[in-house]
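This report concerns only the one structure given below.
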Ligand code: 5CA
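Numbering (the working numbering), first residue to last: 622 to 1076.
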């Protein structure tokens, strides 16, 4: 029996098609491990099915994003994956987007598209429903699948064609308050990535087809990353401000933002080597590769002017609202976290995004003592709100150990006939390999919180 919150599973009932061999199509470690650990399967180029274990990791990432968005005052909604071409014609982006946009015609001959992003649709919803500055500011987001017909989908979920994105959009009466919205998201992003066990660095970025004059990419360092970044090493060690410290106006937020933006940090598109040399002492210069896990833009009145998203200001005159958009690559993050946290044996999940907290191994299913002790541990941990994956299958011990190492849950708990007799559990910390043999109560206490190494 497990508590309603717990999502514990017995492996005999679960669907975890792990692979012993390294799939030849996978070029980078996260893709190999996601296939081997039974997290995803490719259905066509850049399209993936999320198997149960992969979906659990994806959901945990979503939950962190939702919690941090809520703290920053953003409100969740949900827009469809398909959009009408008409609104994209209004903004002028129907042509601009080119072949990356998947265009579809319905049975009535109407032009639709599979949304690559949602500035147009949210602006339409906004203009149809908000008429006064009194209803501002607003910050709305959704977590929805996107499609971009990438010329070279690769690296598994890292550069897919269909991918899950959190995209948010802020609406403000003037530039000053729009900057506050941008700053809040900047800080919410730092906190979201930190909670996932990642060190994400904000770098000044190009705004590309989105437009606007203020934009940051959030990059996690990884050798296999597709982005090249140049930065001052001190930016990597800055503490992430707590939500409680944030106040609501620009005056409070600006110094926090400044603490990050004062350092040189740029992606290759924006890099200026003369400036880099002049601003960053030689021993602090970092040139590295990274993965872009988030991207925020302030684009002012670009879409509101083109699409006539106007509100009546305090003086009664209509003005186009000031907006920004804020994206997080939720499905890309699953790969990104694995790139940042793995070893030769498999994935090493940070606690907050681990698909399960504890992997419980019964070395002798069918042995009365082992079954009883495993059941007790499984039930108690589940009732305490932990997610346990219980390997109750009739398999060789070696195979069970390597599967657990491969899928990388933070704690492993092993019970065999000897342990059952002495009512003891062997616990292994996946990240460090450290093992302890503990009495049941002590084992439960240890397993109930993150190993220090996986916080
Ligand atoms: N409208 C803006 C902000 S909502 C936007 O679309 N920004 S974006 O193009 O930078 O995408 C946001 C995030 O989605 C990126 O930072 C990246 O993490 C993720 N992303 C973009 N393209 C892909 C892709 N092909 N596969 C996986 N993730 C992707």
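Using N, Cα and C, we set each Cβ at its ideal position, and we do this for glycine too.
Which residues does DSSP list as the beta-bridge partners of residue i?
{"i": "residue 1022", "result": "According to DSSP, residue 1022 bridges with nothing at all."}
{"i": "residue 594", "result": "Lying before the first or after the last residue shown, residue 594 is absent from the chain, which here runs from 622 to 1076."}
{"i": "residue 944", "result": "792, 921"}
{"i": "residue 882", "result": "Its beta-bridge partners do not exist; DSSP assigns none."}
{"i": "residue 979", "result": "1009, 1032"}
{"i": "residue 610", "result": "There is simply no residue 610 to check, as the chain begins at 622 and stops at 1076 in what is shown."}
{"i": "residue 992", "result": "Per DSSP, none; premise fails for residue 992."}
{"i": "residue 892", "result": "Its beta-bridge partners do not exist; DSSP assigns none."}
{"i": "residue 967", "result": "964"}
{"i": "residue 785", "result": "766"}
{"i": "residue 916", "result": "838, 948"}
{"i": "residue 911", "result": "842, 848"}
{"i": "residue 1014", "result": "DSSP, once it has assigned bridges, lists no residue as partnering residue 1014."}
{"i": "residue 775", "result": "780"}
{"i": "residue 696", "result": "761"}
{"i": "residue 1039", "result": "Its beta-bridge partners do not exist; DSSP assigns none."}
{"i": "residue 939", "result": "933"}
{"i": "residue 887", "result": "825, 851"}
What span of residues does the beta strand (DSSP E) with residue i cover, start to end?
{"i": "residue 723", "result": "723-726"}
{"i": "residue 732", "result": "732-735"}
{"i": "residue 972", "result": "Segment: none, residue 972 is in no beta strand (DSSP E) and carries neither H nor E."}
{"i": "residue 1050", "result": "1045-1050"}
{"i": "residue 853", "result": "848-853"}
{"i": "residue 762", "result": "759-768"}
{"i": "residue 745", "result": "Counting along the chain, residue 745 falls outside any beta strand (DSSP E), though it belongs to the alpha helix (DSSP H) covering 740-750."}
{"i": "residue 705", "result": "703-705"}
{"i": "residue 571", "result": "Residue 571 lies beyond the range of the chain shown here (622 to 1076); nothing can be said about it."}
{"i": "residue 1057", "result": "1056-1060"}
{"i": "residue 629", "result": "Here residue 629 belongs to no beta strand (DSSP E), and DSSP marks it neither H nor E."}
{"i": "residue 666", "result": "Where residue 666 is concerned, there is no enclosing beta strand (DSSP E), given that its DSSP letter is neither H nor E."}
How should residue i be labelled, buried or exposed, when 16 other C-beta atoms within 10 angstroms of its C-beta is the threshold for buried?
{"i": "residue 655", "result": "buried"}
{"i": "residue 750", "result": "exposed"}
{"i": "residue 691", "result": "exposed"}
{"i": "residue 800", "result": "buried"}
{"i": "residue 640", "result": "exposed"}
{"i": "residue 978", "result": "buried"}
{"i": "residue 660", "result": "buried"}
{"i": "residue 1057", "result": "exposed"}
{"i": "residue 747", "result": "buried"}
{"i": "residue 806", "result": "buried"}
{"i": "residue 826", "result": "buried"}
{"i": "residue 740", "result": "buried"}
{"i": "residue 983", "result": "buried"}
{"i": "residue 622", "result": "Any answer about residue 622 is weak, because its pLDDT of 49 lies below 50 and its placement is not dependable; what the coordinates show is given next. By the 10 Å Cβ count, residue 622 comes out exposed."}
{"i": "residue 813", "result": "buried"}
{"i": "residue 838", "result": "buried"}
{"i": "residue 953", "result": "buried"}
{"i": "residue 773", "result": "exposed"}
{"i": "residue 785", "result": "buried"}
{"i": "residue 945", "result": "buried"}
{"i": "residue 726", "result": "exposed"}
{"i": "residue 638", "result": "exposed"}
Just to check my reading of the structure: residue i and residue j have Cβ atoms closer than 8 Å, yes? What is that Cβ distance to the nearest angstrom?
{"i": "residue 914", "j": "residue 1028", "result": "Their Cβ separation, rounded to whole angstroms, is 22 Å, which puts residue 914 and residue 1028 out of contact at 8 Å."}
{"i": "residue 762", "j": "residue 781", "result": "With a Cβ gap of about 20 Å, residue 762 and residue 781 do not count as contacting."}
{"i": "residue 973", "j": "residue 818", "result": "6 Å"}
{"i": "residue 651", "j": "residue 960", "result": "5 Å"}
{"i": "residue 917", "j": "residue 836", "result": "7 Å"}
{"i": "residue 1025", "j": "residue 1013", "result": "Contact doesn't hold; Cβ gap of about 13 Å is too wide."}
{"i": "residue 854", "j": "residue 778", "result": "Rounded, the Cβ-Cβ distance is 30 Å, inconsistent with contact."}
{"i": "residue 733", "j": "residue 703", "result": "5 Å"}
{"i": "residue 991", "j": "residue 1065", "result": "About 17 Å; that fails the 8 Å criterion."}
{"i": "residue 884", "j": "residue 896", "result": "Between residue 896 and residue 884 the Cβ distance is about 12 Å, and since that is not below 8 Å, they are no contact."}
{"i": "residue 1061", "j": "residue 1044", "result": "5 Å"}
{"i": "residue 998", "j": "residue 981", "result": "6 Å"}
{"i": "residue 792", "j": "residue 942", "result": "5 Å"}
{"i": "residue 846", "j": "residue 912", "result": "4 Å"}
{"i": "residue 861", "j": "residue 811", "result": "5 Å"}
{"i": "residue 874", "j": "residue 632", "result": "No, residue 874 and residue 632 are not in contact; Cβ-Cβ is about 47 Å, not under 8 Å."}
May I ask which residues mark the beginning and end of the alpha helix (DSSP H) holding residue i?
{"i": "residue 673", "result": "673-692"}
{"i": "residue 859", "result": "Note, residue 859: premise wrong, no alpha helix (DSSP H); not H, not E."}
{"i": "residue 903", "result": "Unbroken run through residue 903: none, as it is neither H nor E."}
{"i": "residue 651", "result": "650-657"}
{"i": "residue 714", "result": "714-717"}
At a threshold of 7 Å, does residue i count as lining the ligand PLP (C-beta to nearest heavy atom)?
{"i": "residue 784", "result": "By its list of ligands, the structure shown excludes the ligand PLP, since it contains just the ligand 5CA."}
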